Amino acid sequence: MTIVELQDLVYDGLSESFKNYTLRSADGNTTTALRIYKQNLPIPESDDDSEETPPFLIVRISDGEQSDRDEEHTVNVAVIVCVWDDAKERQGARDVLSIITRIQQTVMKHPALNGMFEPPFKWTLNDEETFPYYYGACQFTMTASAVRRENPLT
Numbered sequence: 003m004t005i006v007e008l009q010d011l012v013y014d015g016l017s018e019s020f021k022n023y024t025l026r027s028a029d030g031n032t033t034t035a036l037r038i039y040k041q042n043l044p045i046p047e048s049d050d051d052s053e054e055t056p057p058f059l060i061v062r063i064s065d066g067e068q069s070d071r072d073e074e075h076t077v078n079v080a081v082i083v084c085v086w087d088d089a090k091e092r093q094g095a096r097d098v099l100s101i102i103t104r105i106q107q108t109v110m111k112h113p114a115l116n117g118m119f120e121p122p123f124k125w126t127l128n129d130e131e132t133f134p135y136y137y138g139a140c141q142f143t144m145t146a147s148a149v150r151r152e153n154p155l156t
């Protein structure tokens with residue numbers, strides 16, 4: 003499995019897990035689906051779209067290694083979470099924690115991902131004041147079979 007295929011697999015697993023998940027949209031009056039992106043937010047198409055509107059996740063490959071030719075490849079995956087909540091109760095951080103919990107459950111229980119997940123599962127909340135935006139992230143390691151060069155002479 004290549005690194006890109008592994009990112010696609012994590013993306014697909016999270017897309018399935020969050021397909022019916024909605025949160026308040028930035029207009030404050032409606033709900034919207036949680037959007038999921040690979041590696042980065044999309045480039046804005048107009049000046050009105052200067053920033054992507056929450057809620058969203060970004061599935062980012064941060065780094066990895068293969069220590070030996072015949073060893074599995076380890077890939078570190080980070081998932082960035084952003085939600086919007088302008089309510090005076092300030093429950094946005096709880097929404098982020100709920101999303102991180104679902105990500106953890108998906109990674110640990112999804113049939114295609116479970117066999118590749120390697121503990122630990124790390125997570126964090128943003129500790130800076132960013133109201134009404136709330137951020138968090140989680141990081142975990144996945145293992146993939148090594149990419150090997152085929153040599154018909156050996």
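Going by this note's numbering, the sequence shown opens with residue 3, and the numbers climb by one from there.
Glycine included, C-beta positions come from ideal geometry on N, C-alpha and C.
Quick caveat: nothing in here was measured; it's all calculated off a predicted structure.
Item: To which residues does DSSP link Val-6 through a beta bridge?; Value: Paired residue(s): none; Val-6 is not in a bridge.
Item: Are Val-81 and Ile-105 close, meaning C-beta to C-beta below 8 Å?; Value: yes
Item: Please confirm whether Tyr-39 and Ile-5 have their CB atoms less than 8 Å apart.; Value: no
Item: So, for Asn-78: in the same chain, excluding its five sequence neighbours on each side, which residues have a beta-carbon less than 7 Å away from its beta-carbon?; Value: Ser-64, Asp-65, Gly-66, Gln-141, Thr-143
Item: Pull up the distance between the alpha-carbon of Tyr-136 and that of Asn-22, whole angstroms please.; Value: 21 Å
Item: With three or more beta-carbon pairs closer than 8 Å as the criterion, would you say the stretch 112-123 touches the stretch 8-23?; Value: yes
Item: Nearest by alpha-carbon distance to Glu-120: which of Thr-145, Asn-128, Asp-97, Thr-108 is it?; Value: Thr-145
Item: Using only CA atoms, which one of His-75, Glu-47, Gly-94 lies nearest to Arg-26?; Value: Gly-94
Item: With DSSP as the reference, label Leu-11 as helix, strand or coil.; Value: helix
Item: Alpha carbons only, please: which of Gly-117, Arg-37, Pro-46, Val-85 is nearest the one belonging to Ile-16?; Value: Reading off the sequence, residue 16 comes out as Leu, not Ile. Checked all of Gly-117, Arg-37, Pro-46, Val-85; the closest Cα to Leu-16 is Arg-37.
Item: Which same chain residues end up closer than 7 Å to Ile-102 when comparing Cβ atoms and leaving out the 5 residues on each side of it in sequence?; Value: Val-83, Trp-125, Gly-138, Cys-140
Item: Going by DSSP in three states, Gln-107 sits in which element: helix, strand or coil?; Value: helix
Item: In this structure, does DSSP put Ser-64 in helix, strand or coil?; Value: strand
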